[in-house]
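What follows is a single structure, written as structure tokens, with notes after it.
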Amino acid sequence: MTVTGFTRFPPFIDDLARSESGRLLHAEFARRWPETADQLVGIARYALLPAGKLLRPMMTLHAAEAVGGSPSDVLPAALGMEYLHVATLVHDDIIDADTLRRGRPAVPVAFGIPSAIVVGDHLIFTAFQSIVECGAAVPPGHVAAAVAALAEAGRDLCRGQMLETQLVGDLDAGARHYREMIRLKTGALFRAVCHVGALLGGADPQLAAGLARYGEHLGIAFQIRDDLLSYVATPEQTGKPATSDLNNGRPTLPLLLAYDAATDTSRVELMAVLHRRGAGPGDVEWVAGLLDEVDAVQGARRQMAGHAERALAELTALAPSASADVLTGIAHWMTSETA
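Quick look at the structure:
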């Protein structure tokens with residue numbers, strides 16, 4: 039079920055990484071996180087570098103510039119968005135017992151769970167410190183608003199994570215609460231990276247709120263995209279095991295759509311597969327066949343595209359600019375790479 043031509047770093051993202059903003063971010067990460075004998079910083083460096091797509095900090099910089107701000111003034115906050123994102127990945131790998139992250143041993147595997155917990159916490163606090171650092175160039179009121187926006191997103195993220203834990207292995211509950219779960223767990227951080235960028239860039243409350251909505255819808259689309267990657271890409275392309283979601287009993291959107299469309303007999307079997315974490319003989323192949331039979335992957339793609347369109351609609355309030363074009367391009371990339 040792998041889509042021909044899927045790449046982990048598609049051309050649009052490669053071009054973005056080579057842009058002036060991308061070079062600025064990569065250079066600053068290297069400068070701030072050098073090799074060191076300090077164990078805490080060293081593990082944090084392992085988690086952060088080599089950097090991934092840097093999508094979230096890139097969105098922060100371009101949200102700020104799109105409303106008339108200076109990317110250099112919000113650079114520390116943009117880095118902070120990646121710190122928070124990576125912290126959630128470190129903690130997720132503990133919760134899910136995943137062993138791979140970005141194609142290498144996950145932090146809990148490489149350094150142990152206690153160290154992983156501490157490093158994740160360290161990155162969270164450093165994210166808030168990074169926003170405050172912008173106070174050297176940004177009015178205090180804007181900094182305070184950005185800190186509040188990130189704190190609200192962090193609380194939502196925790197609620198989303200807790201809700202996801204409650205849905206494990208339960209497709210009936212998943213069907214009722216999945217959309218709220220991904221809005222909180224993934225949409226909230228995407229909302230924050232755009233909201234923080236807009237606030238620090240000097241946007242008025244209405245424009246900042248519009249960019250926050252753009253981010254939230256994009257985050258929901260991104261989570262659906264991530265759900266799909268287990269079924270349209272190889273582990274080498276995604277950097278994590280193809281069976282990760284089944285192993286964790288996680289009710290992703292393709293599974294939920296399949297459950298909704300399946301016969302009663304197939305529903306019982308799908309629930310059984312989740313309960314045994316996809317470990318039975320032929321479980322993975324059976325699930326793949328069911329998804330094909332009920333067209334669940336295409337159904338998930340349609341929902342993903344719908345949220346991307348709602349995100350794009352929020353950008354119409356922006357004046358034309360190169361940064362507005364980048365934010366538009368990210369929404370288009372989000373859906374095109376799983377088409």
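Each residue of the sequence shown is one higher than the one before, counting from 39 in this note's numbering.
No residue lacks a Cβ here, since even glycine has one placed at the ideal position from N, Cα and C.
The model shown is predicted, which means the values in this text are computed figures rather than measured ones.
**Item:** residue 174 classed as buried or exposed, judged by whether at least 16 other C-beta atoms fall within 10 angstroms
**Value:** Locating residue 174 in the sequence shown gives position 136, counting from the first residue. By the neighbour-count rule (16 or more Cβ atoms within 10 Å), residue 174 is not buried but exposed.
**Asked** Rounded C-beta distance between residue 105 and residue 239? I'm assuming under 8 Å.
**Response** Position 67 of the sequence shown, counting from 1, holds the residue named residue 105. Position 201 of the sequence shown, counting from 1, holds the residue named residue 239. Sure, about 4 Å apart at Cβ, within 8 Å.
**Prompt:** For residue 87, does the three-state DSSP call read helix, strand or coil?
**Reply:** Residue numbering aside, residue 87 sits at position 49 when the sequence shown is read from its first letter. In the three-state DSSP reduction, residue 87 falls in the coil class, being neither helix nor strand.
**Item:** DSSP-derived helix/strand/coil call for residue 387
**Value:** Coverage of the chain is limited to positions 39 through 377, which leaves residue 387 absent and any answer about it impossible.
**Prompt:** Is it right to say residue 306 is buried, meaning 16 or more other beta carbons lie within 10 angstroms of its own, or is it exposed?
**Reply:** In the sequence shown, the residue the question calls residue 306 occupies position 268. Counting the other Cβ atoms within 10 Å of the Cβ of residue 306 gives fewer than 16, which makes it exposed.
**Prompt:** Could you check where the alpha helix (DSSP H) with residue 378 kicks off and where it finishes?
**Reply:** Outside the shown range of the chain, which is 39 to 377, sits residue 378, and nothing can be said about it.
**Prompt:** Are three or more beta carbon pairs between the stretch 218-238 and the stretch 181-190 nearer than 8 Å?
**Reply:** yes
**Item:** Same chain only: Cβ atoms within 6 Å of residue 296, ignoring 5 sequence neighbours per side
**Value:** In the sequence shown, counting from the first residue as 1, residue 296 sits at position 258. Within the same chain, residue 296 has close Cβ partners 328, 329, 332, 334.
**Asked** Just reading off the alpha helix (DSSP H) that residue 312 is part of, what are its end residues?
**Response** Mapped onto the sequence shown, residue 312 falls at position 274. Residue 312 -> alpha helix (DSSP H) spans 302-313.
**Prompt:** For residue 52, which residues of its own chain have a beta-carbon under 7 Å away from its beta-carbon, when the five flanking residues on both sides are left out?
**Reply:** Taking the first residue of the sequence shown as position 1, residue 52 is located at position 14. Answer for residue 52: no residue qualifies.
**Prompt:** Quick one: what's got a C-beta closer than 6 Å to residue 346's C-beta in the same chain, skipping five residues either side?
**Reply:** Stepping through the sequence shown from its first residue, residue 346 is reached at position 308. Answer for residue 346: 259, 369, 372, 373, listed in chain order.
**Message:** I want to know whether the stretch 154-162 touches the stretch 121-135 - three or more CB-CB distances under 8 Å.
**Reply:** Taking 8 Å as the limit for Cβ pairs, the verdict is that the stretch 121-135 does touch the stretch 154-162.
**Message:** Going by beta-carbon coordinates alone, are residue 151 and residue 132 separated by less than 8 Å?
**Reply:** As a first step, residue 151 must be located in the sequence shown, where it is residue number 113. As a first step, residue 132 must be located in the sequence shown, where it is residue number 94. Yes; because the gap between Cβ atoms is below 8 Å, this pair is in contact.
**Request:** Answer with buried or exposed for residue 298, where buried requires no fewer than 16 other C-beta atoms within 10 angstroms of its C-beta.
**Result:** One-based indexing of the sequence shown puts residue 298 at position 260. Answer is exposed; the Cβ neighbour count stays below 16.
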